[in-house]
Structure formats: structure tokens, C-alpha cells
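A.B. asks: In the UniProt record's numbering, the protein residues as written are 1 to 478.
For each residue, glycine too, the CB sits at the ideal point set by N, CA and C.
#1: Check for me: the alpha helix (DSSP H) holding residue 243 runs from which residue to which?
#2: Could you give the uninterrupted runs of the beta strand (DSSP E) lying entirely in the region 29–107, keeping only those of 3 residues or more?
#3: Go through its chain and collect everything with a Cβ distance to residue 468's Cβ below 8 Å, but skip five positions before and after it.
#4: Determine the burial state of residue 220: buried for a count of at least 16 other Cβ atoms within 10 Å of its Cβ, exposed for fewer.
#5: Enumerate in chain order the residues of its own chain whose CB-to-CB distance from residue 479 is below 8 Å, with the five nearest sequence positions on each side excluded.
#6: With distances taken between CB atoms, is the gap from residue 528 to residue 102 smaller than 8 Å?
#7: If we ignore side chains and look at the alpha-carbon of each, how far apart do residue 373 and residue 420 end up?
#8: Any idea which residues DSSP pairs residue 181 with across the strands?
#9: Just reading off the alpha helix (DSSP H) that residue 165 is part of, what are its end residues?
#10: Please report the distance separating the alpha-carbon of residue 125 from that of residue 77.
#11: Could you please give the first and the last residue of the uninterrupted beta strand (DSSP E) stretch that includes residue 109?
#12: Look at the Cβ atom of residue 402, then the Cβ atom of residue 474, and state whether they are nearer than 8 Å.
#13: Put residue 235 into one of helix, strand or coil per three-state DSSP.
#14: On the DSSP letters alone, give me the boundaries of the alpha helix (DSSP H) that residue 145 sits inside.
#15: Could you give the DSSP three-state label for residue 467: helix, strand or coil?
#16: For residue 14, which residues of its own chain have a beta-carbon under 7 Å away from its beta-carbon, when the five flanking residues on both sides are left out?
#17: Enumerate in chain order the residues of its own chain whose CB-to-CB distance from residue 64 is below 6 Å, with the five nearest sequence positions on each side excluded.
#18: Does DSSP classify residue 440 as helix, strand or coil?
#19: Within 10 angstroms of its Cβ, does residue 53 collect 16 or more other Cβ (buried), or is it exposed?
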């Protein structure tokens with residue numbers, strides 16, 4: 001299929017050696033998906049929080065609406081929301097256009113992250129108009145999800161539909177994208193910059209559509225002119241197009257989401273690469289992409305079947321579940337232990353409840369229940385009771401009930417699938433690992449027992465903010 005399998009193996013090896021947490025890889029070329037791999041527990045059929053890859057989907061909606069005559073690129077943003085404007089509209093705010101939103105040249109002093117607005121229960125549209133403008137719109141580039149939100153808001157105002165509903169018959173259904181979901185804000189508007197949950201293959205399809213100049217299976221979905229405009233640099237300082245990032249050499253362009261959810265298009269090679277991961281910034285992965293791609297498309301293929309076999313073996317190895325550990329042995333030893341130093345909390349079929357000291361997380365109580373095969377943690381707070389079950393010798397999957405949005409880029413993840421496993425680190429410390437399988441997040445929880453007390457600690461592998469909560473201390477309730 002015109003891709004060097006050994007180069008893909010080398011890419012995976014190099015990324016792993018650099019300790020970068022890649023979760024999935026898909027490569028499309030010459031009308032075929034030539035490689036796909038998911039690291040356990042991530043799967044092809046699991047949707048994924050794509051974060052800012054949503055921006056490139058939003059750009060498609062704007063292109064389609066322009067073609068339908070719903071608005072023009074030079075239309076003023078304020079003209080769509082007279083009821084939401086502040087008392088005094090500055091000349092710079094009045095001058096801001098739809099194209100300024102597309103190119104992230106809105107004149108704001110700083111970035112507005114999706115995490116900031118997810119915590120906001122009032123109108124995000126009104127919040128946008130309250131942001132100070134310190135530069136003339138159309139000038140300096142400043143990446144901000146607030147601009148993408150306003151594109152979604154304008155589209156909804158112009159069409160009477162949400163961004164998601166508008167895209168379904170025009171983009172998503174033609175591409176065979178199904179089962180996706182998109183968050184919605186207090187104004188009833190999809191946040192155009194984030195909040196889209198879809199499969200890795202759906203992100204790949206978006207890239208393929210652009211690699212094919214807007215044509216999908218022989219039918220035109222996006223205009224060729226729009227694809228060309230969206231994927232060229234309109235801002236040299238940031239190499240930014242219409243909600244697409246362009247490479248300095250002009251050889252590729254990318255849809256990029258937080259923690260490296262990424263679709264990279266190599267138009268000269270008719271190829272698209274899609275990856276997901278838990279990596280702090282695309283700049284860490286990009287050197288490996290540049291080193292091995294597009295060279296993998298240019299290589300002279302002389303060892304095809306053998307190279308394919310090597311790649312197949314590497315993918316099988318890459319997809320294996322985490323190496324087994326003696327999860328249960330310390331627990332079994334603990335069942336024979338005395339009640340001192342937390343032994344009672346570890347004994348078989350036992351339940352212990354701890355009342356927690358006042359804390360920033362708002363945890364009122366923790367309850368731990370043990371059987372020979374699993375551990376059930378119940379956390380009580382002002383919102384009620386939240387339960388998770390972790391297996392000692394297996395992973396247990398369930399819909400998430402646990403709070404923790406501060407560790408998850410502002411996302412609550414309620415109902416999102418979580419896999420949980422538990423082990424004893426020693427005779428007094430119980431560790432649980434929670435993998436939120438549709439996201440980049442993996443939490444580690446440690447309960448340390450000392451006499452009648454428990455110390456509860458929780459941290460996450462990656463986040464835009466804090467990586468851990470302050471520890472919480474509790475006392476056994478007799």
C-alpha cells in the first residue's frame with residue numbers, strides 16, 4: 001500500500017523509548033487503512049474525547065454554511081447577538097469578523113481554555129463579549145477556544161440548529177461517522193472548540209476527506225476551494241489556517257487536540273496519520289512524526305512481506321494488556337494479619353467506613369468493602385454517594401460515578417467507562433488504578449491505613465491543571 005512497515009515499527013519503538021504514552025495509531029493511504037493499532041485498553045470501537053480536534057470539524061461547518069449563503073466571512077460577530085452585547089461596544093469589538101474567529105485573531109489578551117468555561121453555568125456568549133480586547137482584531141494570532149465557541153454560536157443563530165445537528169446530514173453521515181456525541185453549553189450551543197467524542201477512525205476520516213480535497217467515495221462533501229483555504233497558513237506566526245495547523249515546510253497540516261489527539265494530512269502523498277495519546281503537547285510527538293513520516297511514504301519497498309510480519313508482531317506486542325503483577329498475594333497475606341496497622345481494613349469480606357476531615361474536595365466519608373476478588377470504594381460528598389469496584393486479579397469496567405473534574409481538564413466524565421484494578425503495595429497501603437478508557441486520563445488512588453486513620457491520595461497521569469489533590473485524612477467510624 002506504499003508505506004514502509006519498518007518505518008512504522010521504528011516510529012513506535014522511538015516513541016516508546018522516549019516514554020511518550022501513545023494510545024492508538026492509524027495510517028491511511030491509497031484508499032486503504034494500511035495500519036491500525038490500539039494499546040490496551042483502548043479499542044477501535046471505543047469513542048474518544050478528541051478535545052480541540054473538534055475545531056477542525058467546526059471549520060467544516062463554517063465552510064458549508066458559507067457555501068449555503070448563511071453568512072459571509074466579513075460579517076461582524078456583534079451583528080448576530082445584539083441582546084448579549086455589553087453596554088459599551090468598543091470599536092475593536094464592533095470590527096471583529098467571522099474570519100477573525102477562524103484564524104484566532106480576535107485581539108484578546110489571553111487564551112480562554114475549554115476547562116474555564118466548562119465550570120461556567122451562565123451564558124458563554126455573554127462571557128465572550130466581556131473578554132477585554134487589547135489588540136485590533138485581524139492582527140496578532142492568539143489561540144483561544146472562545147473563538148471556536150463563537151463560530152458555533154453564530155452557526156446556530158444563522159441556521160436554527162446546533163453545530164452537531166447541522167453537521168450530521170452534511171458531514172458526519174456522508175463520512176459514515178456514527179455514535180458520536182458533543183457537549184452542549186448553558187446557551188444550548190455546542191462548544192465548537194472541544195467536547196466532541198468520536199472514534200479514532202472518525203478523526204482519520206476527517207483527515208482523509210481533506211487529503212481528497214473534499215471528496216468522499218466519489219461525492220463532494222466540502223468544496224475544493226474551502227479545503228485549500230482552510231488548510232493554508234493565514235497566520236505566519238502560528239502557521240494557523242482556518243482551525244487547522246500547518247507545518248513550517250508546508251508539507252502537512254493537522255487537526256490537534258489536547259494531550260495529542262491528532263490527525264496529520266500529507267497531501268502530496270495522499271496519506272493521513274491519526275494518533276491518540278496522553279502526551280503533554282504535540283511538540284513532544286511532532287519530531288518523531290517528522291522523522292519517520294513522510295519518509296515512510298517515500299521509501300523503496302524491497303522487503304514487503306517480511307517487513308509486514310515484523311510490523312504485525314510489533315503491533316501484537318504493543319496491544320498486550322499490562323504485564324501481570326501479583327495483585328492478590330499481598331491481599332491474601334493480609335487476610336491472615338492482625339487488626340493492627342489497618343489489618344482489619346484488609347480482611348476478607350470486611351467493610352470499613354471512615355469519616356473524613358474537612359477538605360477541598362468535599363469528601364465527607366469513604367467506605368471500603370473487601371471480598372476475596374475485589375474492593376469497592378464508596379465516596380460520599382454533597383452530591384451523594386459515588387461507587388467504584390476494582391478487581392484484585394482483574395480489571396473491572398463500569399460507568400464512572402466518581403467526581404474529579406479538576407484532575408480531568410474540567411470534564412466530569414459521569415457515565416464514561418472506567419476500568420479499575422487494585423493491589424496492596426505493602427501491608428498498609430492499598431493502591432487503585434482507574435483508567436478512563438475514552439480519554440487520556442489514568443488516575444492512581446492510594447489509601448494508607450495507620451491504626452484508626454486513613455490517608456486518601458489521588459493523582460492523574462496528565463492534566464492541564466493540577467496533577468493531584470491534597471491528601472485527605474479520615475478516622476474509622478466504630
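C.D. replies: For this structure:
#1: Segment: none, residue 243 is in no alpha helix (DSSP H) and carries neither H nor E.
#2: Counting only runs of 3 or more, we get 32–38 and 47–49.
#3: 407, 457, 458, 459 and 460
#4: exposed
#5: No answer is possible for residue 479: the residues shown for the chain start at 1 and end at 478.
#6: Because the chain is modelled from 1 through 478, residue 528 falls outside the range shown and cannot be assessed.
#7: Straight-line Cα distance between these residues: approximately 13 Å.
#8: 197
#9: 163–167
#10: 11 Å
#11: Residue 109 -> no beta strand (DSSP E), and no H or E assigned at all.
#12: Remark: C-beta atoms of residue 402 and residue 474 do not approach each other more closely than 8 Å.
#13: strand
#14: Where residue 145 is concerned, the enclosing alpha helix (DSSP H) stretches over 145–159.
#15: coil
#16: 288
#17: 170
#18: coil
#19: buried
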